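In my numbering, the protein residues as written are 562 to 806.
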């Protein structure tokens, strides 16, 4: 009889624990959604930032057009595209933490979990960068042509690359904001960390341009997905320590 009661109590405790974990997870998802919605509202309200990014993209594309007119070598087309994406990302994502007021940071610190803040910003920045990347690809194609044979693989590469770059630069923006809002730290810390990811992205997108079959690209996709999981996981673990400073 005693064993039966103990078993029932253990089952209740276990059920309550799982229920609490599920509720905590749902609460975290809800808070992440609020962070994403807040970022979007601020982005839309501050339209000068969107206009500035648009001018930056168009200026870079137009200078490329004046310099090359038409790019015959697919490797050059590919390298130039990722250079434009990289510099656009640094300009677009530098504001993740560095433009936030002290009051807003205090509000986050008081009411939100630090993991929620960093994951929400990574997701929002990844989506923003992917949309900007699609616009860049559209105008890049209009001005300089498009030698890509496997468009689906190229878009998958662009999506994975945007989220990988977003993860790295969002975390570096948080570090830079704690170092006196030094925007130069984005470039100093970001480029060495992004170099391995960029090398893989260039290889994979070159295969998409050449129309190489999917089985050859599996190893590159695996590497990119691994990096896209490792970097947010490290940010999830390490950001709370940075958050306390």
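In this text, a Cβ means the ideal position worked out from N, Cα and C, and glycines have one as well.
What you are looking at is a predicted structure, and each value in this text was computed from that prediction instead of being measured.
Output the distance between the C-alpha atoms of residue i and residue j, rounded to the nearest integer angstrom.
| i | j | result |
| --- | --- | --- |
| residue 556 | residue 654 | Because residue 556 is not part of the residues shown, which for the chain are 562 to 806, the question remains open. |
| residue 759 | residue 607 | 30 angstroms |
| residue 576 | residue 769 | 49 angstroms |
| residue 767 | residue 721 | 15 angstroms |
| residue 792 | residue 679 | 11 angstroms |
| residue 578 | residue 588 | 15 angstroms |
| residue 677 | residue 783 | 26 angstroms |
| residue 709 | residue 773 | 11 angstroms |
| residue 684 | residue 724 | 8 angstroms |
| residue 621 | residue 584 | 47 angstroms |
| residue 800 | residue 646 | 26 angstroms |
| residue 755 | residue 790 | 15 angstroms |
| residue 713 | residue 775 | 11 angstroms |
| residue 796 | residue 623 | 36 angstroms |
| residue 699 | residue 591 | 34 angstroms |
| residue 788 | residue 586 | 24 angstroms |
| residue 630 | residue 702 | 12 angstroms |
| residue 600 | residue 794 | 21 angstroms |
| residue 618 | residue 717 | 21 angstroms |
| residue 777 | residue 692 | 27 angstroms |
| residue 828 | residue 781 | Given that the chain is displayed from residue 562 to residue 806, the structure contains no residue 828 and the question cannot be resolved. |
| residue 628 | residue 747 | 28 angstroms |
If the criterion is Cβ atoms closer than 7 angstroms, does the pair residue i and residue j meet it?
| i | j | result |
| --- | --- | --- |
| residue 690 | residue 727 | yes |
| residue 751 | residue 733 | yes |
| residue 735 | residue 803 | yes |
| residue 704 | residue 626 | yes |
| residue 643 | residue 763 | yes |
| residue 765 | residue 650 | no |
| residue 681 | residue 798 | no |
| residue 694 | residue 719 | yes |
Apart from the five residues on each side of it in sequence, which residues of its chain come closer than 7 angstroms, Cβ to Cβ, to residue i?
| i | result |
| --- | --- |
| residue 636 | 767 |
| residue 669 | 678 |
| residue 673 | 592 |
Within its chain, find whatever has a CB closer than 6 angstroms to the CB of residue i; leave out the 5 residues flanking it on each side and keep chain order.
| i | result |
| --- | --- |
| residue 563 | Unreliable positioning characterises residue 563 in this predicted model, as indicated by a pLDDT of 45, which lies under 50. A coordinate reading is not provided. |
| residue 614 | 653 |
With a threshold of 7 angstroms between beta carbons, is residue i in contact with chain D?
| i | result |
| --- | --- |
| residue 738 | The structure shown has no chain D; it contains just one protein chain. |
Once you ignore the five residues that flank residue i on each side, which residues in its own chain have a CB closer than 8 angstroms to its CB?
| i | result |
| --- | --- |
| residue 610 | 604, 656 |
| residue 541 | Residue coverage of the chain in this structure runs from 562 to 806, which leaves residue 541 outside it and unanswerable. |
4 or more residues per run - each alpha helix (DSSP H) lying fully within the region 592-658: 608-629, 635-654
Alpha helix (DSSP H) segments (min. 4 residues) lying fully within the region 740-765: none
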